[in-house]
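Chemist:
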Amino acid sequence: MMILAYSVSMKHHILLISIICVIVAGCASGPSFTSGECSPEDMVKLLHPEANVFFVVNVGEMKKNDYITRLFFTAMKEIKELNAFLNECDIDLEEDVYFLSVGLIDFIPGAKNNEGSVIINLRYDRKLLADWLKRDGFTENENTPSHIAVYTKQSGDGLDCYAFLSDSLVFMGSESVLAVLLDPEKEEKAESLLSIAQTVEMNAAGFGGITTFGDFLNASDEDNAALVMTLFSGVASVAFSVDVGDDDLLVQCLLLVADEDQKATIFTIMNLSKSQASSGADNPALAGIMKSMKVTKEEKGVMLEMSLPLSMLGDVISSFATE
């Protein structure tokens with residue numbers, strides 16, 4: 001929802017909502033969902049099939065922990081622009097938002113021009129949101145299917161775009177991404193994203209994946225980047241999920257590896273890394289987390305499972321909200 005609060009560029013919007021999500025975690029005929037009825041699978045299928053980074057946040061699951069609920073929504077209330085938008089559009093951030101999904105296309109860490117989209121499953125009033133968009137300089141596009149309302153605004157060489165896909169789904173991104181979303185064959189193409197997501201817990205508070213892990217390694221400017229690239233060259237993709245326990249975040253990260261020899265090598269590397277990090281005296285908190293990490297070989301790759309103290313999340317969210 002933070003994206004909707006700012007009147008700066010759409011790309012800046014997408015990066016902002018991506019940060020929040022990480023911290024916490026067939027459209028041609030028009031989706032027929034009603035508010036709150038989307039499934040995690042639905043939210044993945046709505047994304048651009050060529051996204052190389054994607055994640056979904058299940059707000060309902062996130063709210064099952066009282067500490068997370070108080071922490072996150074209290075922090076959001078500190079953002080004046082966000083609250084002004086919510087008040088004008090009659091949206092209760094805590095009660096009316098159900099799912100958020102983010103897809104980033106050709107995303108490379110550190111790059112400034114990353115394209116993508118955000119799709120929110122929520123209760124909203126079309127007229128109030130349309131009025132807000134018009135005040136922000138968006139105009140309605142008449143050349144769209146009757147069941148979809150599209151609003152665009154010039155931004156650089158392209159158009160920023162909001163689309164009301166249904167009475168409970170709002171799209172934010174570029175016009176080119178929306179065109180792919182409305183492609184009748186799009187849902188079939190999105191199966192590749194879903195196949196990655198299904199390797200971890202999709203009923204968690206958040207989950208997602210990196211479809212082209214090698215691009216991330218190639219983009220690294222660390223001194224040992226070449227060595228890391230060699231060691232992890234067998235990792236095709238990465239899937240992850242984050243769930244909320246009573247006192248901690250439960251994290252799954254599956255390194256998808258097809259070759260059995262490479263899988264054995266990565267399994268050994270991760271166990272050695274765990275042993276070295278867990279004995280480090282410089283960062284006791286990290287040492288404790290690494291000591292608790294479980295490394296296992298599975299049919300599709302190497303699974304890493306760990307728990308992170310909720311207090312660590314609190315420090316991150318609090319510092320972000322006060323910036």
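At position 143 of the sequence shown (counting the first as 1) the number is 143 in the working numbering, and the numbers step up by one without a gap. Ideal Cβ placement from N, Cα and C applies to all residues, glycine included. Note that this is a predicted model, so its numbers are computed, not measured.
For residue 308, which residues from the same chain have a beta carbon less than 7 Å from its beta carbon, with the 5 sequence-adjacent residues on both sides left out?
Modeler: Reading the sequence shown from its first residue, position 308 is the one you call residue 308. Answer for residue 308: 248, 249, 251 and 289, listed in chain order.
Chemist: With a cut-off of 8 Å on the beta carbons, I'd call residue 101 and residue 44 a contact; round off their distance for me.
Modeler: Within the sequence shown, numbered from 1, the residue matching residue 101 stands at position 101. Within the sequence shown, numbered from 1, the residue matching residue 44 stands at position 44. Right, their Cβ atoms sit about 7 Å apart.
Chemist: So is residue 179 buried or exposed if we call it buried at 16+ other beta carbons inside 10 Å?
Modeler: Indexing the sequence shown from 1 puts residue 179 at position 179. It counts as exposed.
Chemist: Throw me the rounded Cβ distance for the residue 255 and residue 301 pair, which I believe falls under 8 Å.
Modeler: Your numbering for residue 255 matches position 255 in the sequence shown. Your numbering for residue 301 matches position 301 in the sequence shown. With 8 Å as the limit, residue 255 and residue 301 qualify as a contact, their Cβ atoms being about 5 Å apart.
Chemist: DSSP three-state label for residue 93, please.
Modeler: Taking the first residue of the sequence shown as position 1, residue 93 is located at position 93. Reduced to three states, the DSSP call for residue 93 is helix.
Chemist: Could you check where the beta strand (DSSP E) with residue 206 kicks off and where it finishes?
Modeler: In the sequence shown, counting from the first residue as 1, residue 206 sits at position 206. 206-210 is the extent of the beta strand (DSSP E) around residue 206.
Chemist: Quick one, are the C-beta atoms of residue 209 and residue 190 less than 8 Å apart?
Modeler: What you label residue 209 is simply residue 209 of the sequence shown in a count that begins at 1. What you label residue 190 is simply residue 190 of the sequence shown in a count that begins at 1. Result no, Cβ atoms of residue 209 and residue 190 do not sit closer than 8 Å.
Chemist: How is the beta strand (DSSP E) around residue 302 delimited, first residue to last?
Modeler: Mapped onto the sequence shown, residue 302 falls at position 302. 301-309 is the extent of the beta strand (DSSP E) around residue 302.
Chemist: Buried or exposed: where does residue 29 fall if 16 or more other Cβ atoms within 10 Å of its Cβ makes it buried?
Modeler: The sequence position of residue 29 within the sequence shown is 29, counting from 1. Bear in mind that a pLDDT of 38 at residue 29, under 50, signals an unreliable position, so the model cannot answer this.
Chemist: Please report the residue range of the beta strand (DSSP E) in which residue 240 lies.
Modeler: Residue numbering aside, residue 240 sits at position 240 when the sequence shown is read from its first letter. From DSSP, the beta strand (DSSP E) with residue 240 extends over 235-244.
Chemist: Along the chain, where does the alpha helix (DSSP H) containing residue 59 start, and where does it finish?
Modeler: Along the sequence shown, read from residue 1 onward, the residue named residue 59 stands at position 59. 59-62 is the extent of the alpha helix (DSSP H) around residue 59.
Chemist: Since residue 130 is in the beta strand (DSSP E), which residue starts that stretch and which ends it?
Modeler: Residue numbering aside, residue 130 sits at position 130 when the sequence shown is read from its first letter. Run containing residue 130: none in the beta strand (DSSP E); it sits in the alpha helix (DSSP H), 126-135.
Chemist: So who's on the other strand from residue 149, going by DSSP bridges?
Modeler: If you number the sequence shown from 1, residue 149 lands on position 149. Beta-bridge pairing links residue 149 to 164.
Chemist: Decide if residue 128 is buried, meaning its Cβ has at least 16 other Cβ atoms within 10 Å, or exposed.
Modeler: The count along the sequence shown starts at 1 and reaches residue 128 at position 128. The residue is exposed, with fewer than 16 neighbouring Cβ atoms inside 10 Å.
Chemist: Taking the alpha carbon of residue 117 as the reference point, which residue from 105, 38, 91 and 295 has its own alpha carbon closest?
Modeler: Residue numbering aside, residue 117 sits at position 117 when the sequence shown is read from its first letter. Comparing Cα positions, the closest option is 105.
Chemist: Taking 8 Å as the limit between beta carbons, can you name the residues of its chain near residue 201, skipping five residues before and five after?
Modeler: Stepping through the sequence shown from its first residue, residue 201 is reached at position 201. Only 207, 241, 243 and 252 meet the Cβ criterion.
Chemist: Please report the distance separating the alpha-carbon of residue 261 from that of residue 86.
Modeler: Here residue 261 is taken as the residue at index 261 of the sequence shown, counted from 1. Here residue 86 is taken as the residue at index 86 of the sequence shown, counted from 1. Using only the alpha carbons, I get a separation of about 53 Å.
Chemist: Would you report the Cα separation of residue 77 and residue 175, rounded to the nearest angstrom?
Modeler: Stepping through the sequence shown from its first residue, residue 77 is reached at position 77. Stepping through the sequence shown from its first residue, residue 175 is reached at position 175. Near 31 Å, if we compare the C-alpha coordinates of residue 175 and residue 77.
Chemist: Going by DSSP, what residue range makes up the beta strand (DSSP E) through residue 69?
Modeler: Position 69 of the sequence shown, counting from 1, holds the residue named residue 69. Careful: residue 69 lies outside any beta strand (DSSP E), inside the alpha helix (DSSP H) at 66-76.
Chemist: Straight-line CA distance for residue 324 to residue 84?
Modeler: In the structure as shown, the chain begins at 1 and stops at 323. Residue 324 is therefore absent and cannot be evaluated.
Chemist: Where does residue 33 sit, in a helix, a strand or coil, going by DSSP?
Modeler: The residue labelled residue 33 in the question sits at position 33 within the sequence shown. The predicted model places residue 33 with a pLDDT of 44, which falls under 50 and marks its position as unreliable, so this point remains unresolved.
Chemist: Roughly how far, in whole angstroms, is the beta-carbon of residue 257 from the beta-carbon of residue 235, given that I think they are within contact range, below 8 Å?
Modeler: Within the sequence shown, numbered from 1, the residue matching residue 257 stands at position 257. Within the sequence shown, numbered from 1, the residue matching residue 235 stands at position 235. Contact holds; Cβ gap of about 6 Å.
Chemist: Given a cut-off of 8 Å, decide if residue 96 and residue 324 are closer than it, judged by their beta-carbon atoms.
Modeler: Only positions 1 to 323 of the chain appear in this structure, which leaves residue 324 out of reach.
Chemist: Relative to the alpha-carbon of residue 57, which residue among 139, 214, 98 and 49 has its alpha-carbon at the smallest distance?
Modeler: Reading the sequence shown from its first residue, position 57 is the one you call residue 57. The option with the nearest alpha carbon to residue 57 is 98.
Chemist: Does the separation of the CB atoms of residue 133 and residue 162 fall below 8 Å?
Modeler: Position 133 of the sequence shown, counting from 1, holds the residue named residue 133. Position 162 of the sequence shown, counting from 1, holds the residue named residue 162. A contact, by the Cβ cut-off of 8 Å.
Chemist: On the DSSP bridge list, what partners appear for residue 51?
Modeler: As a first step, residue 51 is located in the sequence shown; it is residue number 51 there, counting from the start. Looking at the DSSP assignment, residue 51 forms a beta bridge with 105.
Chemist: For residue 258, which of helix, strand or coil comes out of DSSP?
Modeler: Your numbering for residue 258 matches position 258 in the sequence shown. In the structure shown, residue 258 sits in coil (DSSP, three-state: anything other than H, G, I, E or B).
Chemist: Less than 8 Å between the beta carbons of residue 205 and residue 62, yes or no?
Modeler: Here residue 205 refers to the residue found at position 205 of the sequence shown. Here residue 62 refers to the residue found at position 62 of the sequence shown. Yes; because the gap between Cβ atoms is below 8 Å, this pair is in contact.
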